[in-house]
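Engineer:
Residue numbers (my numbering): 42 to 253.
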């Protein structure tokens, strides 16, 4: 009879241990549930300073030129038609050579001269050309020019002194002297001017009355 009682006691002990384990597990689960409930309670939060500030105003975007092109140019203002036109620049006369100062004249045989008659005095250009030719200047065939009010000497660039030398040779050292224009003055064409470095336009003055 004692051998049957021992197994029964062991089973009773195991049953008690199992019940205690179940009770402990239930208590643990209950306690865990209470903790989770406390942690999940909503927490009231204070609004931050950033949330209460008024939204910052964003400035209007500035138009920028596209990468593919330059900035649009501001159109230039229309010219003011009420403003007077700028006067044409005046042609200044070179100073007349000093009669006592010796001019550094080139060799006359290297200076081509064209004489054009701007008067109604017949043969004036031919007579003056002959006088210069006698002074060893290279004179071209004399021609007629449009009517002139006075005589004048025109020179190509670099031959101003030579024009003054010719005027001194003729006794009219005061000139006047002008740079050669394009086209030449007096209705003379470039073809007629040829290789002349100095052009003499005869007006109704002493140059037209020179003896032959």
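C-beta atoms are modelled at their ideal positions from N, C-alpha and C, and glycine is treated no differently.
(1) Less than 7 Å between C-beta atoms, sequence neighbours within five positions excluded: which residues of the same chain meet that for residue 200?
(2) Got a sec, what are the start and stop residues for the alpha helix (DSSP H) residue 167 sits in?
(3) If you drop the 5 nearest sequence neighbours on each side, which residues of the same chain put their C-beta closer than 8 Å to that of residue 223?
(4) Considering Cα atoms alone, identify which of 147, 253, 187 is closest to residue 170.
(5) When you compare each of 165, 168, 206 to residue 152 by their alpha carbons, which one comes out closest?
(6) With a threshold of 6 Å on Cβ separation, who are the neighbours of residue 180 within its own chain once the five nearest residues in sequence on each side are excluded?
(7) Going by other Cβ atoms of all chains shown within 10 Å of its Cβ, with 16 needed for buried, is residue 215 buried or exposed?
(8) In this structure, how does DSSP classify residue 211 when only helix, strand and coil are distinguished?
(9) Which of helix, strand or coil does DSSP assign to residue 260?
(10) Taking all protein chains shown into account, do 16 or more other C-beta atoms lie within 10 angstroms of the C-beta of residue 59, making it buried, or fewer, making it exposed?
(11) Who are the near neighbours of residue 156 in its chain, counting only those whose CB is closer than 6 Å to its CB and skipping five residues on each side?
(12) Given this structure, state the Cα-to-Cα distance separating residue 146 from residue 209, to the nearest angstrom.
(13) Please report the distance separating the alpha-carbon of residue 187 from that of residue 219.
(14) CA-CA distance, residue 161 and residue 195?
(15) For residue 178, which residues of its own chain have a beta-carbon under 6 Å away from its beta-carbon, when the five flanking residues on both sides are left out?
(16) Hey, quick one: how far does the alpha helix (DSSP H) through residue 234 stretch, first residue to last?
(17) Helix, strand or coil for residue 249? Go by DSSP, reduced to three states.
(18) Helix, strand or coil for residue 225, going by three-state DSSP, please let me know.
(19) In this structure, does DSSP put residue 157 in helix, strand or coil?
(20) Count the other CB atoms, across all protein chains shown, that sit within 10 Å of the CB of residue 61; report buried if there are 16 or more and exposed otherwise.
Structural biologist: This is what the structure gives:
(1) 238, 239
(2) 165-175
(3) 231
(4) 253
(5) 206
(6) 154, 170, 173, 174
(7) exposed
(8) coil
(9) Missing from the structure shown is residue 260; the chain here goes from 42 to 253 and no further.
(10) exposed
(11) 166, 169, 170, 183, 241
(12) 11 Å
(13) 17 Å
(14) 21 Å
(15) 149, 152, 154
(16) 231-234
(17) helix
(18) coil
(19) strand
(20) exposed
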